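Engineer:
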Amino acid sequence: MSHHIIEIKDLEYTYPDQTKAVKGLSLRILHGESVAIVGANGAGKSTLLSHLIGVLIPSAGTVRIGDYPLNKETLTHIRRSVGMVFQNPDDQLFMPTVFDDVAFGPLNMGLPPKETEERVMAALTTVGAVHLKDRPPYKLSGGQKRSVAIASVLSMLPDILVMDEPSDGLDPYCRRQLINLLKTFQHTKIIATHDLDLVVDLCERTVVLADGKIIADGPTLQIFTDDALLQTSHLERPLRMQGCPICNPKAD
Amino acid sequence: MFNFESRWLELRRLDELAAGDTKIHRLNPCIKIMTTAIFLIVVASFSKYEVSRLLPLFFYPVVLMNLAAVPFSIIAKRVLIALPFVVFIGIFNPLLDHTPSLQLGPLLVTNGWISFISILLRFILAISAALILVATTGMDAICSALLKMHIPRVFVIQLMFLYRYLYVLLEELFRTLTAYSLRSLRGNGLRYQVWGSLLGQLLLRTIDRAQKIYQAMLCRGFDGEIRLLRYHRLTKKDIAYVVGWSVFFLTARMVNIPQWLGALLVGRH
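Quick note, the sequences are listed as chains A and B, same order. Heads up: the first sequence is residues 1 to 252, going by the working numbering. Heads up: the second sequence is residues 1001 to 1269, going by the working numbering.
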């Protein structure tokens, strides 16, 4: 396998209702990098992610994933190497049991049943959800659903993991477990989120989007100390970089 | 206020049951579909005024429910949901067909009533057989079996998505109704003025969600082919199952079992 470089050049996308969501965006993400995509609501984060798995096809510009340019013919290849974890796990889990759900991807890749089972068990073990395998997904808690959703993508052994708001709706304990889990992954990670503390933990590089364009791209800590930039993009410093107003009231 | 959430969970019980592992669950899905189809054809083939000879056929759903550990209440509830439609289809028979057929003391039973009851019985037999098939096989297995039986893929995929999106639709519906009942302060029921906008909303939101689920399926390599983990080979047991039931169905069709049993009990005239 070649190194999976993601290369986006002058990407533009206009929704059918004429909303221009992405306006000329270029981005290069190297193999093994962990990149956060942050920005205000409606800045184009989800649209950008949708292009990485070919849910949307660019109106203009190109997206290259590894050796393949994104187009209708290469979709199968791209979807094998890019695993997408959706914001709402309910959209992602549609089979009657957790096991079937995690097996859905590998079976579609044409793996024989035995190998599929091995992959499913491995993926469930990684996310610590083996005990849930016979449960119906819609009866799980939010944190469990998220774990299973991640397992359902891991079972396809993707090289690139794309996540939309992975910590959304998780309690602090589950969120911490998720962060610890993601830390152990060697994949190229692209995480769109508003949870900037999670970004500090997981991503060395941050891309700030505003109005469909990249307004900043650099080391996470450098971006999160640029208060003017944060303010224009509806963000604020991660809590742990703010100084505690309770322990140290005069710091303000 | 209705407890929408619990109803919704109740709805998915059929899928949970399908994940079971009994003798019936382990049978080849193609065989189960065939047996159900033969059953339906036999049920439909009885004449319009037949009532008593339909009764032995209830043996089939009852035996299956027992062997597959499908609770009676789950099947019964779903049959009840569909009942009003059949009542509407059949209710004109007693009104239009006044030919007297039987005098029970002061009560005159007309052919119209007999055919109405016959329609109801057939309906209960047919729906319960179909529900048991889903509860013991699962929609995905049924669809993949249909593909193996060379039913055109277009239809099978339609069926599969219809079933999958049915839940999406109901889930959205329950959520909308809960939101409505929380703010309407009127207890149960929907005012007719809001029906239009509510249905419109429901449609749009369902399309939205259905699209997301479809995208999630595409992202995980869905290409229209249904692949399953449990593979079924045709065994002698499967053949015995379909042959055994077919013999029973045909006997019930050809021989008047209730009359025969009655004759056996009271001695031949």
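Glycine included, C-beta positions come from ideal geometry on N, C-alpha and C. Quick caveat, the model's predicted, so the values are computed rather than measured.
For F1222(B), return the contacting residues in chain A, with the cut-off set at a CB-CB distance below 8 Å.
Structural biologist: F104, N108
Engineer: Kindly confirm or deny that the region 35-45 of chain A and the region 197-214 of chain A touch, where touching means at least three C-beta pairs closer than 8 Å.
Structural biologist: yes
Engineer: Looking only at C-alpha atoms, which of A43(A), E33(A), H31(A), L30(A) sits nearest to T19(A)?
Structural biologist: A43(A)
Engineer: Note down, in chain order, every chain B residue with its Cβ under 8 Å from the Cβ of V55(A).
Structural biologist: Q1215, L1218, C1219
Engineer: Buried or exposed: where does T188(A) fall if 16 or more other Cβ atoms within 10 Å of its Cβ makes it buried?
Structural biologist: buried
Engineer: Hey, how far is the Cα of R211(A) from the Cα of M84(A)?
Structural biologist: For clarity, residue 211(A) is Asp in the given sequence; the question names Arg instead. If I take the Cα positions, the gap works out to 23 Å.
Engineer: Please list, in chain order, the chain A residues whose beta carbon lies closer than 7 Å to that of D1238(B).
Structural biologist: Those within 7 Å of D1238(B) in chain A number zero; the least Cβ separation is about 19 Å.
Engineer: Which residue or residues does DSSP assign as beta-bridge partners of P1100(B)?
Structural biologist: Under DSSP, P1100(B) takes part in a beta bridge, and its partners are T1110(B).
Engineer: Sorted by chain position, which residues of the same chain lie with C-beta nearer than 6 Å to M1(A)'s C-beta, five sequence neighbours on each side aside?
Structural biologist: With a pLDDT of 46 at M1(A), under the threshold of 50, the modelled position of this residue cannot be trusted; read the value that follows with caution. Nothing meets the Cβ criterion.
Engineer: Name the residue from M1149(B), K1048(B), L1162(B), T1176(B) whose alpha carbon lies nearest to the alpha carbon of I1119(B).
Structural biologist: K1048(B)
Engineer: Starting from T188(A) and walking both ways along the alpha helix (DSSP H), at which residues does that stretch end?
Structural biologist: Careful: T188(A) lies outside any alpha helix (DSSP H), inside the beta strand (DSSP E) at 188-192.
Engineer: Can the beta-carbon of I53(A) be found less than 8 Å from the beta-carbon of I78(A)?
Structural biologist: yes
Engineer: Would you mind reading off the limits of the alpha helix (DSSP H) that contains G1090(B)?
Structural biologist: Its alpha helix (DSSP H) spans residues 1072-1090.
Engineer: For V1109(B), I'd like the list of residues in its chain whose CB is within less than 8 Å of its CB, leaving aside the five on either flank, ordered along the chain.
Structural biologist: Excluding residues within five positions, the ones whose Cβ falls inside 8 Å are P1100, S1101, L1102, Q1103.
Engineer: So S152(A) contacts chain B; which residues on that side make the cut at Cβ distance below 8 Å?
Structural biologist: Within chain B, the residues placing a beta-carbon under 8 Å from that of S152(A) are R1220, ordered along the chain.
Engineer: Between the region 1025-1035 of chain B and the region 1123-1143 of chain B, can you find at least three pairs of beta-carbon atoms closer than 8 Å?
Structural biologist: The region 1123-1143 of chain B makes contact with the region 1025-1035 of chain B; the number of CB pairs closer than 8 Å reaches 3 or more.
Engineer: Given C1143(B), which residues of its chain have a CB within under 7 Å of its CB, disregarding the five upstream and five downstream residues?
Structural biologist: V1156, L1159, M1160, I1226
Engineer: How about P219(A): is its C-beta nearer than 8 Å to some C-beta of chain B?
Structural biologist: no
Engineer: According to DSSP, is R64(A) part of a helix, a strand, or is it coil?
Structural biologist: strand
Engineer: So, using beta-carbon positions, are V153(A) and L140(A) closer together than 8 Å?
Structural biologist: At a Cβ-Cβ threshold of 8 Å, V153(A) and L140(A) do not count as neighbours.
Engineer: State the Cα-Cα distance for the pair P219(A) and P113(A), rounded to the nearest angstrom.
Structural biologist: 44 Å
Engineer: Determine the burial state of R1122(B): buried for a count of at least 16 other Cβ atoms within 10 Å of its Cβ, exposed for fewer.
Structural biologist: Counting every other CB atom within 10 Å of its CB across the protein chains shown gives R1122(B) a total of 16 or more, marking it as buried.
Engineer: Curious, which full-length alpha helix (DSSP H) runs of at least 4 residues does the region 125-194 of chain A contain?
Structural biologist: 142-154, 172-183
Engineer: Using DSSP's beta-bridge definition, name the partner residues of L209(A).
Structural biologist: G39(A), I214(A)
Engineer: Under 7 Å Cβ-Cβ, which residues of chain A neighbour A1018(B)?
Structural biologist: P96
Engineer: Report the CB separation of F99(A) from K133(A) in whole angstroms; it is logged as a contact under 8 Å.
Structural biologist: 4 Å
Engineer: If you reduce the DSSP assignment to three classes, tell me which class R28(A) lands in.
Structural biologist: strand
Engineer: Do you know offhand how far I1114(B)'s Cα is from V55(A)'s?
Structural biologist: 57 Å
Engineer: Quick check on the burial criterion: 16 or more other C-beta atoms within 10 angstroms. Buried or exposed for S1073(B)?
Structural biologist: exposed
Engineer: Ignore the nearest five residues each way along the sequence and tell me which others in L1055(B)'s own chain have a CB closer than 7 Å to its CB.
Structural biologist: Around L1055(B): P1258.
Engineer: DSSP on M84(A), reduced to helix/strand/coil?
Structural biologist: strand
Engineer: Could you check whether the Cβ of K1148(B) sits closer than 8 Å to any Cβ belonging to chain A?
Structural biologist: no
Engineer: Which chain A residues are close to R1078(B), counting only those with a beta carbon under 8 Å from its beta carbon?
Structural biologist: Residues of chain A passing the Cβ test: none, with the nearest at roughly 17 Å.
Engineer: Under a Cβ-count criterion, where at least 16 other Cβ atoms within 10 Å of its own Cβ denotes burial, should E1172(B) be classed as buried or exposed?
Structural biologist: buried
Engineer: In three-state DSSP terms, what is M1001(B)?
Structural biologist: Residue confidence is low: M1001(B) scores 42 on pLDDT, short of 50, so the model does not pin down where it sits. Its coordinate-derived value is still stated next. M1001(B): coil per DSSP, three-state reduction.
Engineer: Going along chain B, which residues have a C-beta under 7 Å from Q92(A)?
Structural biologist: A1216
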